[in-house]
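Structure record follows, encoded as structure tokens.
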Amino acid sequence: MTANDHGHINNLDEMQMETLKHYWLALTNAICSQSSLPVDQIANSVYGDELFYMIGYENPDVLPLQWLRICKWNINHAVQKMMDMLKWRHEWGVQTLLAKGESDLPYEEIKTGKCFLMGYDKAGRPINYISVNRHVRGQYPHETTQKLTVLTMETVRKLIEPPVETSTIVFDLTGFGLKNMDYQHVKFFISLIENYYPELFGHAIILNAPWIFYGCWAIISKWLDPAIRDEIQFIRNETELAQCIDPSHLPRGLNGAQPDFEYIPPTTNDEAMAAAFIADAEGKTSARADHQQAIQHFLNITLQWARGDTNPNLLAERTMAVKRLRNTFETLVPYINTRTHYHRIGAIKEQIFQITYDRLHASMATHS
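Counting from 1, one number per residue, gives the positions in the sequence shown under the UniProt record's numbering.
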């Protein structure tokens with residue numbers, strides 16, 4: 001799926017556009033009700049905060065449209081799914097995980113390479129490789145494996161390049177044995193893709209599945225939503241895999257041209273950056289306030305648009321409000337996220353980390 005497909009951000013018919021408008025009205029009402037706050041304070045609410053942190057750099061209409069499509073354009077159902085997702089993000093602590101990043105995980109578990117991101121498939125979707133034989137049930141606490149999974153889901157979102165809106169997962173079952181079968185974590189993963197990361201999953205490949213896995217699959221397949229199950233493809237070998245993913249995007253272990261995954265831990269520069277951002281409480285407060293003002297400005301214009309305001313300049317103003325929202329979020333990013341392995345290898349290019357650090361460093365030098 002891409003942003004240009006029917007029912008997506010760049011290709012909405014009149015009825016879908018009207019449904020989107022009504023959705024924004026219903027969603028803001030739900031947030032106000034749950035937060036016991038008036039509409040002009042949504043930006044300060046827990047749910048408003050979680051909503052726009054998840055939206056991040058994206059056009060704010062993309063996430064509502066994802067839930068609307070999943071719920072077959074049923075507004076009430078889609079609003080409930082959104083609210084459930086926002087509640088989960090708050091209670092599970094997604095923001096806390098993003099603020100701590102890889103430092104909140106055992107580096108040894110990351111180094112296993114059980115889960116890593118590399119390249120794009122032929123549809124332009126970023127690829128999440130899961131090497132199942134590197135996950136041994138019980139080797140690491142469930143909590144840390146869940147954190148690694150959520151952090152990977154959050155990271156793959158930064159690798160998606162419009163108009164693409166989804167990702168691909170390759171489950172490599174080479175060397176699979178029953179010690180690798182972790183039903184508890186499988187259920188957690190299914191819950192993530194079905195309930196908390198709408199349409200992030202676009203396609204999955206199960207590679208080199210041995211006969212012993214098919215008994216496990218008979219159980220797992222019953223837990224999956226049919227729409228997700230239909231996007232799962234069994235592939236027998238690396239030759240067939242190359243038909244879906246160009247070998248230039250595959251690791252050498254799968255007969256590709258890319259080096260096999262080797263985790264690069266935080267550098268001294270990463271640590272210096274993180275320390276500087278933590279110490280800059282004033283900068284974080286200022287960036288957060290600017291982002292909240294941008295949120296409220298966007299919501300004010302969006303509610304005018306949703307209520308049918310005939311101001312001929314309103315669409316242009318909303319477009320500018322979206323740009324302001326993105327720009328203020330970018331300024332906030334160094335204070336709420338950390339750099340990852342994928343920043344260090346150049347796969348994610350968020351220059352704002354270095355720009356902000358250089359500004360702080362220059363300011364310190366000026367005042368010393």
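Cβ atoms here follow ideal geometry from the backbone N, Cα and C, with glycine treated the same way.
From what residue to what residue does the alpha helix (DSSP H) around residue i run?
i	result
G283	281–306
T166	Neither: T166 is in no alpha helix (DSSP H) and is coded neither H nor E.
Q351	Looking at the DSSP string, Q351 is not in any alpha helix (DSSP H), and its letter there is neither H nor E.
L37	Taken as a continuous stretch (DSSP letters only), L37 belongs to no alpha helix (DSSP H), as it is neither H nor E.
L97	94–100
L12	Counting along the chain, L12 falls outside any alpha helix (DSSP H), and DSSP gives it neither H nor E.
I70	62–70
R318	314–336
G48	46–55
R344	341–344
K114	Premise fails: K114 is in no alpha helix (DSSP H) and is neither H nor E.
Check this for me: beta carbons of residue i and residue j, under 8 Å apart or not?
i	j	result
L159	L117	yes
C216	M181	yes
G48	I31	yes
H343	E102	no
K114	I245	no
M1	H8	yes
S167	R236	no
A3	E165	yes
A287	Y335	yes
L25	L51	no
P265	Y140	no
Y263	K111	yes
L303	T19	no
S45	S35	yes
I212	I232	no
S221	D172	no
N10	P163	yes
H249	Q258	yes
R326	Y53	no
E91	T144	no
P198	I70	yes
N195	D84	yes
Using alpha carbons as the reference points, say which of the options lies closest to residue i.
i	options	result
A289	Q258, T331, Y342	T331
V136	V46, G175, A276	G175
W88	I232, G283, F188	F188
M153	A275, F329, G202	G202
R339	Q184, L97, Q258, E91	L97
T268	E282, M320, A276	A276
E161	Y196, Y120, V132	Y120
T319	L25, D5, D61	D61
L63	D40, P38, Y23	Y23
Y129	T144, V156, Q95, D230	V156
W223	Q34, F234, I193, M15	I193
L178	N133, I232, T239	N133
V150	Y183, L105, L68	L105
W67	Y57, E58, A78, E14	A78
D358	Y57, D270, H185	D270
W73	R252, H6, V322	H6
P38	E109, N300, T239	N300
A218	Y183, E282, A316	Y183
I190	P226, A209, P210, M82	P226
A209	E109, Q354, L241	L241
I345	E14, F261, Y196, Q41	F261
Y214	M364, D230, F234	F234
H361	L314, D309, G283, E317	G283
residue 380	E350, L65, V186	Past the boundaries of the shown model lies residue 380; the chain is included only from 1 to 368, so the question cannot be answered.
A204	V186, H185, R229	R229
For the beta strand (DSSP E) holding residue i, just list the boundary residues, first then last.
i	result
I232	232–235
What does a CB cutoff of less than 6 Å around residue i pick up in its chain, not counting 5 residues either side in sequence?
i	result
K21	A306
A43	Q292, I295, Q296
E356	At residue 356 the sequence reads Thr, which differs from the Glu that was named. Counting only Cβ-Cβ distances below 6 Å, and skipping sequence neighbours, we find P334.
N337	L98
Q80	none
residue 370	No answer is possible for residue 370: it lies beyond the span of the chain, which begins at 1 and ends at 368.
Output needed for residue i: all residues of its chain with C-beta closer than 8 Å, excluding positions within five of it in sequence on either side, in chain order.
i	result
R324	A294, H297, F298
T328	A287, D290, H291, Q293, A294
P247	N255, G256, A257
I127	L117, M118, G119, Y120, D121, S167, T168, I169, V170, I245, H249
F353	M273, V333, P334, R339, H343
Compute every distance between the C-beta of residue i and the non-hydrogen atoms of the ligand ZN, then say whether any falls below 7 Å.
i	result
I127	Of ligands this structure carries none, so the ligand ZN is not represented either.
Handout entry: Whole runs of the alpha helix (DSSP H) within the UniProt domain "CRAL-TRIO" (117–262), excluding any shorter than 4 residues
Key = Listed in chain order, they are 142–159, 183–191, 213–220, 226–229, 238–241.
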